[in-house]
Amino acid sequence: MKKGQILEGIVERVDFPNKGVVKCREENGEDAICIVKNVLPGQRINFCVQKKRSGRVEGRLLEVLEKAENEVDSSCPHFLACGGCLYHNLSYGDQCHLKQDQVKRLLDQVLCRQDAWVFEAIKPSPAVYGYRNKMEFTFGDEVKDGPLSVGLHKRGGFYDIVTVSGCQIMDEDYRQILGATRDYFEKLEIPFFHRMRHTGYLRHLLVRKGAKTGEILVALVTTSGINSVVKEGETTDSNVDIDGFAQMLLKLPLEGEVVGILHMINDAVADVVRSDETKLLYGRDYFYEELLGLRFRISAFSFLQTNSLGAEVLYMAVREFIGDLSSGEGGEAKQDKVVFDLYSGTGTIAQLMAPMAKKVVGVEIVKEAVEAAKENAALNGLDNCEFIAGDVLKVLDELEEKPDFIILDPPRDGVHPKALKKILAYGVERIIYISCKPTSLVRDLGSFLEEEYQVERVVCCDQFPWTGNVETVCLLSRKF
Numbered sequence: 142m143k144k145g146q147i148l149e150g151i152v153e154r155v156d157f158p159n160k161g162v163v164k165c166r167e168e169n170g171e172d173a174i175c176i177v178k179n180v181l182p183g184q185r186i187n188f189c190v191q192k193k194r195s196g197r198v199e200g201r202l203l204e205v206l207e208k209a210e211n212e213v214d215s216s217c218p219h220f221l222a223c224g225g226c227l228y229h230n231l232s233y234g235d236q237c238h239l240k241q242d243q244v245k246r247l248l249d250q251v252l253c254r255q256d257a258w259v260f261e262a263i264k265p266s267p268a269v270y271g272y273r274n275k276m277e278f279t280f281g282d283e284v285k286d287g288p289l290s291v292g293l294h295k296r297g298g299f300y301d302i303v304t305v306s307g308c309q310i311m312d313e314d315y316r317q318i319l320g321a322t323r324d325y326f327e328k329l330e331i332p333f334f335h336r337m338r339h340t341g342y343l344r345h346l347l348v349r350k351g352a353k354t355g356e357i358l359v360a361l362v363t364t365s366g367i368n369s370v371v372k373e374g375e376t377t378d379s380n381v382d383i384d385g386f387a388q389m390l391l392k393l394p395l396e397g398e399v400v401g402i403l404h405m406i407n408d409a410v411a412d413v414v415r416s417d418e419t420k421l422l423y424g425r426d427y428f429y430e431e432l433l434g435l436r437f438r439i440s441a442f443s444f445l446q447t448n449s450l451g452a453e454v455l456y457m458a459v460r461e462f463i464g465d466l467s468s469g470e471g472g473e474a475k476q477d478k479v480v481f482d483l484y485s486g487t488g489t490i491a492q493l494m495a496p497m498a499k500k501v502v503g504v505e506i507v508k509e510a511v512e513a514a515k516e517n518a519a520l521n522g523l524d525n526c527e528f529i530a531g532d533v534l535k536v537l538d539e540l541e542e543k544p545d546f547i548i549l550d551p552p553r554d555g556v557h558p559k560a561l562k563k564i565l566a567y568g569v570e571r572i573i574y575i576s577c578k579p580t581s582l583v584r585d586l587g588s589f590l591e592e593e594y595q596v597e598r599v600v601c602c603d604q605f606p607w608t609g610n611v612e613t614v615c616l617l618s619r620k621f
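The letter at position 311 of the sequence shown is residue 452 when you use the numbering used here, and the numbering goes up by one with no holes.
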């Protein structure tokens, strides 16, 4: 098997998040396994070999020669062009089963070393379409020197941007704001920020909307001047009518209500949504969302699960696990326990756990998120929550209190190995690990098993229909 060789095969399975395992036959007649992305189990495909190293072969999909038996027509006009979704050619039920099987295969690799554990049926998202409460769009062009685009990156590309005006995972308000923004700046002939030349003005459009409240926050991210070459410390004035942009948005016939419009200046070279300076163009710099009866104040960069209705399902699963932990005689909840919520973000989980505990301590490295958590706890009348800004690795050395239970909700890369050692050193009876990347969860579970913990229950919660992502809630107990 050589680089550039064209092969044909049938996809046997798809491993997380989108790695198709294809069995094919080499020229010498021997069977070979190749990894090809963006495929479905059961498809017959041909592909081009791209890499071969250490016995691992990777290929690029060229053509689907025969569809899978359960394959359906996509409901999204941008599917295959946009890189946002993977499974628009599967029914929602089939993609839930696919994700559940992916997580189960990963867990089986590490949990074969322990006694029986319960893997519960995946919990689907209450909303399958229009579920996103946050979208980050990029300005660019779909083809070189083409008309202005505002949307998501093209599949397999970094520079090409697809205007996803028919995107299915966001609702009509997002689509209106997206289309109106593109039309407004295209008419004015305002250039987008070119990611190779580092020149131009328009960078990103951030839109957030409360699923329960309908409140909308919009942020336009630009450089400091149209003709400036971005250099550290260098800024120029812009003659773009930003106030006119804000007024245009306020006139749109939206179902929700725009409560805030921001203009963020970002002269960094890196292609990330950030703000060196923020100007308030209209209203306020936050919106409200509600989850399980609690109210949360969310700013432009505050962390919030991107599927509000799905988040309620996730948090109810976590609360059920905690409920099992803290039940006293007769099933009545004890309220004498201290819970650590590590990587707590804006404190949503901590506040939902607060009524069941004596005290909840949240630790989060993002200071803005910690301030938001404190404000939200006060807003919800919760006086038994403490939120600390800092790296979990360092903060644990400073805490005098000892936890009875620990909730972990780390970023995609999982828990830092040194922090994990400190967490394990507490020796608490039970821990809940919430993971948005099951491969990181599986890696970290190895350390728990070595310290005499075992997995009791696992459930997947689908927060991201049509994409390759899934949340996993894992309940661990310590053997004594």
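From the three backbone atoms N, C-alpha and C, an ideal C-beta is built for every residue, glycine too.
All values reported here derive from a predicted model rather than from experimental measurement.
From which residue to which residue does the alpha helix (DSSP H) around residue i run?
{"i": "E591", "result": "P579 to E591"}
{"i": "D384", "result": "I383 to L391"}
{"i": "T419", "result": "Taken as a continuous stretch (DSSP letters only), T419 belongs to no alpha helix (DSSP H), being part of the beta strand (DSSP E) at E418 to G424."}
{"i": "Q309", "result": "Q309 -> no alpha helix (DSSP H), and no H or E assigned at all."}
{"i": "K563", "result": "P558 to A566"}
If residue i sits next to residue j, beta carbons under 8 Å apart, how far is it from one beta carbon to the other, in whole angstroms?
{"i": "V291", "j": "F278", "result": "5 Å"}
{"i": "T363", "j": "I406", "result": "7 Å"}
{"i": "P288", "j": "V454", "result": "Going by Cβ atoms, the distance from P288 to V454 rounds to 41 Å, so no, they are not a contact pair."}
{"i": "G145", "j": "C189", "result": "6 Å"}
{"i": "L293", "j": "C223", "result": "5 Å"}
{"i": "D545", "j": "V569", "result": "6 Å"}
{"i": "G451", "j": "C602", "result": "7 Å"}
{"i": "V614", "j": "V480", "result": "Contact flag wrong, Cβ pair sits at about 15 Å."}
{"i": "S648", "j": "G320", "result": "The displayed coordinates of the chain run from 142 to 621. Any statement about residue 648 would go beyond what the structure contains."}
{"i": "L148", "j": "G200", "result": "7 Å"}
So for residue i, helix, strand or coil by DSSP?
{"i": "V611", "result": "coil"}
{"i": "D249", "result": "helix"}
{"i": "G451", "result": "helix"}
{"i": "Y574", "result": "strand"}
{"i": "G464", "result": "helix"}
{"i": "D378", "result": "Residue confidence for D378 is low, a pLDDT of 45 falling below 50, so the modelled location carries little weight; the figure read from the coordinates is stated next. Coil at D378, not helix or strand."}
{"i": "Y427", "result": "strand"}
{"i": "D282", "result": "strand"}
{"i": "T340", "result": "strand"}
{"i": "E677", "result": "This structure gives no information on residue 677, because the portion of the chain shown stretches from 142 to 621."}
{"i": "A491", "result": "helix"}
{"i": "D482", "result": "strand"}
{"i": "Q595", "result": "strand"}
{"i": "V152", "result": "strand"}
{"i": "K515", "result": "helix"}
{"i": "L329", "result": "helix"}
{"i": "M276", "result": "strand"}
{"i": "A411", "result": "coil"}
{"i": "D477", "result": "coil"}
{"i": "A498", "result": "coil"}
{"i": "M457", "result": "helix"}
{"i": "L319", "result": "helix"}
{"i": "A510", "result": "helix"}
{"i": "D172", "result": "strand"}
{"i": "L616", "result": "strand"}
{"i": "C346", "result": "Note that residue 346 is Leu in the sequence shown, not Cys. Strand."}
{"i": "D603", "result": "coil"}
{"i": "L445", "result": "coil"}
{"i": "G471", "result": "Residue placement at G471 is flagged as unreliable, the pLDDT there being 46, under the threshold of 50; the coordinate-derived value follows with that caveat. If DSSP states are grouped into helix, strand and coil, G471 belongs with the helices."}
On the DSSP letters alone, give me the boundaries of the beta strand (DSSP E) that residue i sits inside.
{"i": "A530", "result": "C526 to A530"}
{"i": "L534", "result": "Counting along the chain, L534 falls outside any beta strand (DSSP E), though it belongs to the alpha helix (DSSP H) covering V533 to E539."}
{"i": "T363", "result": "E356 to T363"}
{"i": "H335", "result": "Per DSSP, H335 belongs to no beta strand (DSSP E) and is neither H nor E."}
{"i": "D545", "result": "Premise fails: D545 is in no beta strand (DSSP E) and is neither H nor E."}
{"i": "F437", "result": "L435 to S440"}
{"i": "K160", "result": "K160 to R166"}
{"i": "S290", "result": "L289 to H294"}
{"i": "V399", "result": "E398 to I406"}
Checklist entry - Which residue spans inside the stretch 180-267 form an unbroken alpha helix (DSSP H) run of at least 4? => result 233-252
Checklist entry - Counting Cβ pairs closer than 8 Å, one from the stretch 430-443 and one from the stretch 481-498, do we hit at least three? => result yes
Checklist entry - Can you find at least 3 beta carbon pairs, one from the stretch 331-347 and one from the stretch 428-439, that sit closer than 8 Å? => result no
Item to check | Segment contact flag, the stretch 235-246 with the stretch 301-311, C-beta cutoff 8 Å, min 3 pairs | outcome: no
Next on the checklist: Counting beta carbon pairs with one atom in the stretch 586-605 and one in the stretch 206-221, are three or more of them shorter than 8 Å?
Outcome noted: no
Item to check | Given 8 Å, three or more beta-carbon pairs between the stretch 246-261 and the stretch 573-583 | outcome: yes
Checklist entry - How do the stretch 535-550 and the stretch 516-525 stand: do at least 3 beta-carbon pairs fall below 8 Å, yes or no? => result no
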